[in-house]
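Beneath this line is the structure, given in structure tokens, with notes to follow.
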Amino acid sequence: PGVAKQYLEAESKPPPPGRRPRRKFCPVSGLMGCYSEPKSGIPYANLQALEQIRERAPPWMNRGGSAAYSEAVKSLKEE
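Add 77 to a position in the sequence shown, counting from 1, and you land on the number used in the working numbering.
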């Protein structure tokens with residue numbers, strides 16, 4: 078008696094925090110990122126998303142950062 082109850086209790090418990098896999102979403106499409114860009118490690122879902130990521134690299138990938146990014150940060154700090 079109670080086998081079904083034990084099964085349901087075991088299935089209803091969430092996995093321990095360290096055992097839960099990290100979900101990777103594509104920042105371009107919002108879909109599950111099955112692949113990752115080799116240089117940055119950014120997950121992407123399809124070829125079009127990869128092209129967008131490579132065309133517009135995030136500021137931390139640029140060697141000196143972009144001028145527009147640093148100007149935006151300065152303006153935010155001043156406000």
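Just so you know, even glycine gets a beta-carbon here, dropped at the ideal spot from N, CA and C. All values reported here derive from a predicted model rather than from experimental measurement.
In chain order, what residues of the same chain lie with their CB nearer than 6 Å to the CB of residue i, ignoring the 5 residues before and after it?
i	result
GLU128	none
LYS101	GLY110, PRO120
SER113	PRO120
Quick one: using the 10 Å Cβ neighbour count with 16 as the cut-off for buried, is residue i buried or exposed?
i	result
VAL105	buried
PRO93	exposed
GLY110	buried
Within its chain, find whatever has a CB closer than 7 Å to the CB of residue i; leave out the 5 residues flanking it on each side and keep chain order.
i	result
GLU88	none
What's the C-alpha gap between residue i and residue j?
i	j	result
PRO115	GLN125	16 Å
LYS82	GLY95	26 Å
ILE130	LEU108	14 Å
CYS84	LYS90	Checking the sequence, you will find Tyr at residue 84 rather than Cys. Whole-angstrom Cα-Cα distance: 10 Å.
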